[in-house]
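Q: So the sequences go chain by chain: A and B. Its first residue numbered 1, the first sequence is counted upward by one per residue in the numbering used here. Its first residue numbered 1001, the second sequence is counted upward by one per residue in the numbering used here.
Protein chains: 2
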Amino acid sequence: MKKLLDKVKLIFDQEQFVHEPKELYEPIEYTLRLGGKRIRPLLLLAANQMFGGEEDQVRYAAIGIETFHNFTLLHDDLMDKSPLRRGKPTVYCKWDENTAILSGDTMYALAWRYFLRLPHPNLQTILNCFNETCIKVCEGQQFDMNYEHKDEVTIAEYLMMIRLKTAVLLAGALKIGALYANAEASNVENLYQFGIHLGLAFQLQDDLLDCYGDMAVFGKKTGQDIRDNKKTYLILKALEIATPSQQEELHRHFASSPENCEAKVGRVLDIYNQIGIRQHVQDAIQKEFELAKTYLDNVQVDPIRKKPLLELMNSLFERKK
Amino acid sequence: MKKLLDKVKLIFDQEQFVHEPKELYEPIEYTLRLGGKRIRPLLLLAANQMFGGEEDQVRYAAIGIETFHNFTLLHDDLMDKSPLRRGKPTVYCKWDENTAILSGDTMYALAWRYFLRLPHPNLQTILNCFNETCIKVCEGQQFDMNYEHKDEVTIAEYLMMIRLKTAVLLAGALKIGALYANAEASNVENLYQFGIHLGLAFQLQDDLLDCYGDMAVFGKKTGQDIRDNKKTYLILKALEIATPSQQEELHRHFASSPENCEAKVGRVLDIYNQIGIRQHVQDAIQKEFELAKTYLDNVQVDPIRKKPLLELMNSLFERKK
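#1: Along the stretch 93-105 of chain A, where does the CB come closer than 7 Å to a CB of chain B? Name the residues.
#2: Out of A:66, A:231, A:274, A:16, state which residue places its alpha-carbon closest to the alpha-carbon of residue 150 of chain A.
#3: So, at 8 Å on beta carbons, what are the nonlocal neighbours of residue 1079 of chain B in its own chain, with the 5 sequence-adjacent residues on each side left out?
#4: Cutting at 8 Å between CB atoms, please list the residues of its own chain near residue 272 of chain A, excluding the five before and the five after it.
#5: Can you tell me whether residue 88 of chain A is helix, strand or coil according to DSSP?
#6: Please return the same chain residues whose Cβ sits closer than 6 Å to the Cβ of residue 246 of chain A, not counting the five positions on each side in sequence.
#7: Quick one: is residue 191 of chain A buried, meaning 16 or more other Cβ sit within 10 Å of its Cβ, or exposed?
#8: Let me know if residue 205 of chain A comes out buried or exposed under the rule of 16 or more other beta-carbons within 10 Å of its beta-carbon.
#9: Closer than 8 Å is the cut-off here; do at least three beta carbon pairs connect the stretch 1057-1068 of chain B with the stretch 170-185 of chain A?
#10: Of all Cβ atoms in chain A, is any one closer than 8 Å to the Cβ of residue 1321 of chain B?
#11: Check whether the Cβ atoms of residue 296 of chain A and residue 312 of chain A sit closer than 8 Å, and answer yes or no.
#12: Examine chain B for any beta-carbon lying closer than 8 Å to the beta-carbon of residue 227 of chain A, and answer yes or no.
#13: Return the chain-ordered list of same chain residues with a C-beta closer than 6 Å to the C-beta of residue 324 of chain A, the five sequence neighbours on each side being excluded.
#14: What residue range does the alpha helix (DSSP H) around residue 197 of chain A cover?
#15: Taking 8 Å as the threshold (beta carbon to beta carbon), is residue 1079 of chain B in contact with chain A?
#16: For residue 1138 of chain B, report the span of its alpha helix (DSSP H) as first-last.
#17: Take residue 19 of chain A and list the residues in its own chain whose beta-carbon comes closer than 7 Å to its own, dropping the five residues that flank it on each side.
#18: Name the chain A residues whose beta carbon is nearer than 8 Å to that of residue 1143 of chain B?
#19: List the residues of chain B whose Cβ lies closer than 9 Å to the Cβ of residue 241 of chain A, in chain order.
#20: Taking Cβ-Cβ distances shorter than 9 Å, what residues in chain B pair up with residue 70 of chain A?
#21: Looking only at C-alpha atoms, which of A:249, A:257, A:14, A:265 sits nearest to residue 222 of chain A?
#22: Does DSSP put residue 82 of chain A in a helix, a strand or coil?
#23: Does any CB atom of chain A fall closer than 8 Å to the CB of residue 1030 of chain B?
#24: Whole-angstrom Cβ separation of residue 1268 of chain B and residue 1253 of chain B, contact assumed at under 8 Å?
#25: So residue 406 of chain A packs on residue 29 of chain A, CB below 8 Å; how close in whole Å?
#26: Go through its chain and collect everything with a Cβ distance to residue 1108 of chain B's Cβ below 7 Å, but skip five positions before and after it.
#27: May I ask you to list, following chain order, the residues of the stretch 120-143 of chain A that have a beta carbon less than 7 Å from some beta carbon of chain C?
#28: Determine the chain B residues that contact residue 173 of chain A at a beta-carbon separation under 8 Å, and present them in chain order.
#29: In this structure, how does DSSP classify residue 54 of chain A when only helix, strand and coil are distinguished?
#30: Quick one, which of A:41, A:82, A:85 has its alpha-carbon nearest residue 64 of chain A's?
#31: Here's a check: name, in chain order, each residue in its chain whose Cβ is nearer than 7 Å to the Cβ of residue 318 of chain A, leaving out the five neighbours to either side.
#32: What residues in its chain sit with their C-beta under 6 Å from that of residue 126 of chain A, if we drop five residues either side in the sequence?
#33: For residue 285 of chain A versus residue 201 of chain A, is the C-beta distance shorter than 8 Å?
#34: Taking just the CA atoms, how far does residue 38 of chain A sit from residue 259 of chain A?
#35: Does any C-beta atom of chain B lie closer than 8 Å to the C-beta of residue 182 of chain A?
Here's what the structure looks like:
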């Protein structure tokens, strides 16, 4: 696992992202150097190694999938008008909207350049997997935007949305890594499903940490989703199990945007605590986590080869539980 | 040529562009149904047929290249804040900015889906050609945006910019069509260069028509580039050959944005007429046109097979000369 982290770090450190015109490429380099956990390249490399793949064959795919992911963050930040990403100004704030649009478009094209760099007998299958994943991520983002204006969002709808917006890219990274190593179809499929449930657990944990995370570790102020009236698993589950009067109050808070939000955040957290929402979310995370593990168990490979992926998985859920 | 036009029309009529979520796909269908001349699919099919290719093998690539082109128009219209495209409201005006961003991103991914639909022995080469073209188009758009704020733009810089922004996509369409038909490398290269010079001639003609086009045929008010202070071949050439006092006046007009622009447009056109700018641009167009023809002459294939492409080329320059 440590070796994997070092490898991914080295792959990115060795890469050169600035070309001409610099007005286009400097925001791209800035975005790709912001860091982050590099989960998708890590998953891609881990899946590849599990089936005996060669690092040199997947290093560009690893950069490609991270470049795509960072492109989606860049455009999402513009659409959400987010001022900060990883504690630094977002591209649209540091430069401007047009720079964010065009640098993002170019990053997407650069992701393809990485994927097209090396030949592979499975290349068309690999590229199709990458592309269908990209389309699903866009669809997920649209559902997310739709739900902002939709009065009633069900938990099933929410889970469908985060599957598209978040889980399929983790699953796609694993599948691509496995395809590069010519893994058997049943193993590829089990690994993909592992990624889907890992991704769902990961997003649900993100929702939970927004309210109950350790600010110092999580790196942002808690309760931001409540301030933004964002429909996450927490509020949807709360509305399902709260008493009628609590429901009424929650609806009221999530329809308001007071200048000083702290009283609102406090009241919503009070209700969350009264109904024990934290445990409900932890149960949902645990369920997805167990499902993910079952799919990984079904992958037919020497168990010792699963160790880096298991370690990676555990590290993602160790953070601040 | 008529057969080619009918084929391209049929290919687009038969295609279904709407899926779920409709908020994402309706603007895409709207954009792809706005019409336009479909020059890139026409070039792709014509090049393919020239070397004996099969229509069924390139129909998706033809849709793919037009989908990419329309994606760039969609994002360009947003960046330029253009209200109209082909006489209809642009996506960002009819819907909103976020819809334009995300629908555009998705169109780009859909372009890839079309390109990945069929197998081909040359697929990696074809996809690389498509992708390098996409990157160049983005770079061209950035240079175009840079030049808006740059005091001195040379004609060489301008030609480099329109080569990237416009010509490489026409050249890429031709190259892709030829690659699908397994044309020889030297023929592919000559056809690519034909496309580059055709594209340059095409853009220069577009610049000319903006000032001297027949409004009824061209479909927009003449002099718009002057109103927008847009640096096109006309003003750059004019600044090169005008007298010092004319230069000074042109500089003054291109630094101003008066509420009533008509006096300004009239004065700039007066100077253009005094120095005979129209003839200068026509000479430049003719030069590129002749160069294009030379490259097409160098393509080693039965001359009768070049007829549709020659007809297509001539029809592009017949419009309103």
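Every residue gets a Cβ at the ideal spot worked out from N, C-alpha and C, and that includes glycine.
A: Inspection of the coordinates gives the following:
#1: 98, 101, 102, 105
#2: A:231
#3: 1141, 1145
#4: 211, 234, 238, 278
#5: strand
#6: 271
#7: buried
#8: buried
#9: no
#10: Residue placement at residue 1321 of chain B is poorly supported in this model, since its pLDDT is 41, which falls under 50; the coordinates still yield a value, given next. No, its Cβ sits nowhere closer than 8 Å to a Cβ of chain A.
#11: no
#12: no
#13: Nothing can be reported for residue 324 of chain A, as the shown portion of chain A is limited to 1 through 321.
#14: 185-212
#15: yes
#16: 1123-1148
#17: 25
#18: 21
#19: By Cβ distance, chain B contributes nothing, its closest Cβ being about 28 Å from residue 241 of chain A, past 9 Å.
#20: Here the premise fails: no neighbours, minimum Cβ distance about 13 Å.
#21: A:265
#22: coil
#23: no
#24: 5 Å
#25: Here chain A comprises residues numbered 1 to 321, so residue 406 of chain A is not present and cannot be evaluated.
#26: 1068, 1071
#27: The question asks about chain C, but that chain is absent: this structure's protein chains are A and B.
#28: None at all; the shortest Cβ gap to chain B is about 17 Å.
#29: coil
#30: A:41
#31: none
#32: 176, 179
#33: yes
#34: 36 Å
#35: no
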